[in-house]
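Right, one structure below, let's go through it.
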Amino acid sequence: MKFSPFLFLAFLLLSCEPTKEIAKTPSLVPEDLKKHTEEFRKEVITVTEGIHVAIGYSLANSMMVEGEKGKIIIDTTGTIETGREVRAIFDQINPYPIKAVIYTHNHGDHVFGARAFIDDENTEVIAHATTKKYINRILGILRPIISKRSSRMFGSAIPEEDFENNGIGPFLEIGKDGRQTSLVYPTKEFEDNLKLTISGVDIHLYHAPGETNDQIFVWLPKFKALFPGDNFYKAFPNLYTIRGTPYRDLAGWVKSIDKMRYLEPDFLIPSHSRPLEDSQEILKHLTDYRDAIQFVHDQTVRLMNKGMTPTEIASEIVLPEHLASSPFLKEFYGTPQWSSKNVFTGYLGWFDGNPATLNPLPDKEEAKKIIAMAGGWSKVLDEANKAIKEKEFQWALQLTDYLLLENPNNKEVINIRISSLDSLGEIQANPNARYYYLSSADELLPSFISPP
Ligand SMILES: [Zn+2]
Numbered sequence: 531m532k533f534s535p536f537l538f539l540a541f542l543l544l545s546c547e548p549t550k551e552i553a554k555t556p557s558l559v560p561e562d563l564k565k566h567t568e569e570f571r572k573e574v575i576t577v578t579e580g581i582h583v584a585i586g587y588s589l590a591n592s593m594m595v596e597g598e599k600g601k602i603i604i605d606t607t608g609t610i611e612t613g614r615e616v617r618a619i620f621d622q623i624n625p626y627p628i629k630a631v632i633y634t635h636n637h638g639d640h641v642f643g644a645r646a647f648i649d650d651e652n653t654e655v656i657a658h659a660t661t662k663k664y665i666n667r668i669l670g671i672l673r674p675i676i677s678k679r680s681s682r683m684f685g686s687a688i689p690e691e692d693f694e695n696n697g698i699g700p701f702l703e704i705g706k707d708g709r710q711t712s713l714v715y716p717t718k719e720f721e722d723n724l725k726l727t728i729s730g731v732d733i734h735l736y737h738a739p740g741e742t743n744d745q746i747f748v749w750l751p752k753f754k755a756l757f758p759g760d761n762f763y764k765a766f767p768n769l770y771t772i773r774g775t776p777y778r779d780l781a782g783w784v785k786s787i788d789k790m791r792y793l794e795p796d797f798l799i800p801s802h803s804r805p806l807e808d809s810q811e812i813l814k815h816l817t818d819y820r821d822a823i824q825f826v827h828d829q830t831v832r833l834m835n836k837g838m839t840p841t842e843i844a845s846e847i848v849l850p851e852h853l854a855s856s857p858f859l860k861e862f863y864g865t866p867q868w869s870s871k872n873v874f875t876g877y878l879g880w881f882d883g884n885p886a887t888l889n890p891l892p893d894k895e896e897a898k899k900i901i902a903m904a905g906g907w908s909k910v911l912d913e914a915n916k917a918i919k920e921k922e923f924q925w926a927l928q929l930t931d932y933l934l935l936e937n938p939n940n941k942e943v944i945n946i947r948i949s950s951l952d953s954l955g956e957i958q959a960n961p962n963a964r965y966y967y968l969s970s971a972d973e974l975l976p977s978f979i980s981p982p
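Going by the numbering used here, the residue at position 20 of the sequence shown is 550; the numbering climbs one at a time, nothing skipped.
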């Protein structure tokens, strides 16, 4: 039979049809988020002789590998103060100098504590060749908006009693209690892979695009120990982050996890959440993680090709039961729904295909017409109050969008908006969504002072 690429594609997509296996994702409740805090209890864990991980000190872990008369640090936490706290313990375990610092990727929670681990120019700082570019981008043109949205998503300004944890770590220490960030650029960069020996330890570094394009993983053959950076942790992967991010390529992420699986590690030491120490279990969880990413990718592509919009697709994406029930895929960080929207825009861009959205009326004009059609501003206000009473908080929130576009300072509407945001936040177990709602509500309070 002559090979037809179209038939092959059709077969691939048909083979992705959901089956009876698909069940509703067991929904998490806020109590689950509270229990999840235990994952980040503060301690330094000795994974195996010579490998230690500091967890619970900061959003991300910092790891130490001991060599002969020297040690290597993988990820540095997010501030100098936290870095120093971790280093003091590492130095007690092993007093020899730090010969190298490795960044798994450019995010602040992994690189901004670097100064605490670097005494002089003899310490090599190793990262992917593009890490510097991405650090500069976060610090440069996107700083105002990323800071604002990060602060909401991480709940940096909400009262302590509303805060549990950040899903992948206990709290974001950047910007907390006057702690300072530091910036040390890589001194040794690589493209695809780099093999080197530091203080007698053989270290293999591999480029592994996933959560970020500059992501790498670290492989120590002697220990069969693998450090996956942020391509794996104990929460559904952040295939899209609501603080805003460039497209995260799911197909590349799947390949990167496969590369890790082939190594069959005995130890898996992620940069967030606790290390794993059973090779069979590691293989199973890596496989489930890969399959979940592949599933979201394939199902989104299938539904996209049917002509469905991102919102419609998101409402249809439900993980199969065997993946939804994995303790490593609970929606404590990313969600399949946000992820599917990321896949859509990654392949097709912002246009959802509906001609009505090609050149829509400006928001203000639409609000004016909808309000007039509904019988006037007071009628819409009544409907918003009714929605709150009937616990239709999302609808109430959307109605306040219209009302505020017409009358931005109306106190009654602002109070309805605060009430709907608080209610939406309180029922959420996903910390990113929870804190985004709660922070947005707090920002509307007269007492709110915008962080510097
Ligand atoms: Zn991270």
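For every residue, glycine included, the Cβ atom is placed at its ideal position computed from N, Cα and C.
For residue i and residue j, what's the separation of their Cα atoms in angstroms?
| i | j | result |
| --- | --- | --- |
| residue 978 | residue 691 | 17 Å |
| residue 559 | residue 650 | 48 Å |
| residue 679 | residue 776 | 14 Å |
| residue 896 | residue 890 | 9 Å |
| residue 832 | residue 954 | 31 Å |
| residue 939 | residue 920 | 25 Å |
| residue 648 | residue 662 | 17 Å |
| residue 552 | residue 853 | Here the model assigns residue 552 a pLDDT of 42, short of 50, so the residue's position is not dependable, and the following value carries that caveat. Answer to the nearest angstrom: the Cα atoms are 10 Å apart. |
| residue 850 | residue 624 | 46 Å |
| residue 970 | residue 728 | 47 Å |
| residue 870 | residue 830 | 6 Å |
| residue 713 | residue 628 | 17 Å |
| residue 567 | residue 694 | 7 Å |
| residue 617 | residue 677 | 27 Å |
| residue 967 | residue 956 | 9 Å |
| residue 634 | residue 799 | 12 Å |
| residue 823 | residue 899 | 42 Å |
| residue 620 | residue 644 | 14 Å |
| residue 555 | residue 766 | Low confidence applies here, because residue 555 scores a pLDDT of 44, under 50, leaving its location unreliable; read the following figure in that light. Distance between the alpha carbons of residue 555 and residue 766 is about 12 Å. |
| residue 885 | residue 771 | 28 Å |
| residue 715 | residue 573 | 28 Å |
| residue 640 | residue 606 | 5 Å |
| residue 547 | residue 856 | In this prediction, residue 547 scores a pLDDT of 43, lower than 50, which makes its location untrustworthy; the coordinate-derived value is nonetheless stated afterwards. Taking the straight line from one Cα to the other gives about 21 Å. |
Would the beta-carbon of residue i fall within 7 Å of that of residue j?
| i | j | result |
| --- | --- | --- |
| residue 904 | residue 910 | yes |
| residue 702 | residue 589 | yes |
| residue 785 | residue 858 | no |
| residue 601 | residue 594 | yes |
| residue 926 | residue 946 | yes |
| residue 700 | residue 586 | yes |
| residue 632 | residue 656 | yes |
| residue 730 | residue 598 | yes |
| residue 658 | residue 787 | no |
| residue 802 | residue 698 | yes |
| residue 914 | residue 929 | yes |
| residue 577 | residue 797 | yes |
Residue i: which of the options sits nearest, CA to CA?
| i | options | result |
| --- | --- | --- |
| residue 983 | 694, 863, 740, 630 | Here the chain covers residues 531 to 982 and nothing more, so residue 983 does not appear. |
| residue 860 | 584, 653, 843, 961 | 961 |
| residue 564 | 879, 696, 951, 856 | 696 |
| residue 880 | 897, 834, 921, 853 | 834 |
| residue 579 | 750, 878, 942, 959 | 750 |
| residue 682 | 976, 957, 951 | 951 |
| residue 840 | 773, 748, 798, 887 | 887 |
| residue 707 | 611, 827, 802 | 611 |
| residue 759 | 779, 735, 772 | 735 |
| residue 754 | 795, 790, 826, 715 | 795 |
| residue 622 | 768, 582, 722, 762 | 582 |
| residue 964 | 676, 687, 660 | 687 |
| residue 806 | 762, 769, 849, 773 | 762 |
| residue 826 | 576, 933, 769 | 769 |
| residue 571 | 562, 591, 811, 746 | 591 |
| residue 936 | 959, 906, 916 | 906 |
| residue 793 | 809, 804, 800, 780 | 809 |
| residue 863 | 709, 931, 797, 684 | 684 |
| residue 882 | 836, 787, 660 | 836 |
| residue 873 | 811, 913, 828 | 828 |
| residue 737 | 783, 923, 752 | 783 |
| residue 660 | 943, 722, 675 | 722 |
| residue 893 | 916, 918, 931 | 931 |
Can you round the beta-carbon distance between residue i and residue j to whole angstroms, since I take them to be within the 8 Å contact cut?
| i | j | result |
| --- | --- | --- |
| residue 604 | residue 757 | 5 Å |
| residue 638 | residue 668 | 7 Å |
| residue 614 | residue 584 | About 12 Å; that fails the 8 Å criterion. |
| residue 817 | residue 791 | 7 Å |
| residue 608 | residue 711 | 7 Å |
| residue 804 | residue 569 | 6 Å |
- Query: Three or more C-beta pairs closer than 8 Å, one from the segment 842-850 and one from the segment 738-745: is that the case here?
  - Reply: Cβ pair count under 8 Å is below three, so no.
- Specify which residues have a beta carbon nearer than 7 Å to any heavy atom of ligand 3, listing them in chain order. No copy of ligand 3 occurs in the structure displayed; its ligands are ligand 1 alone.
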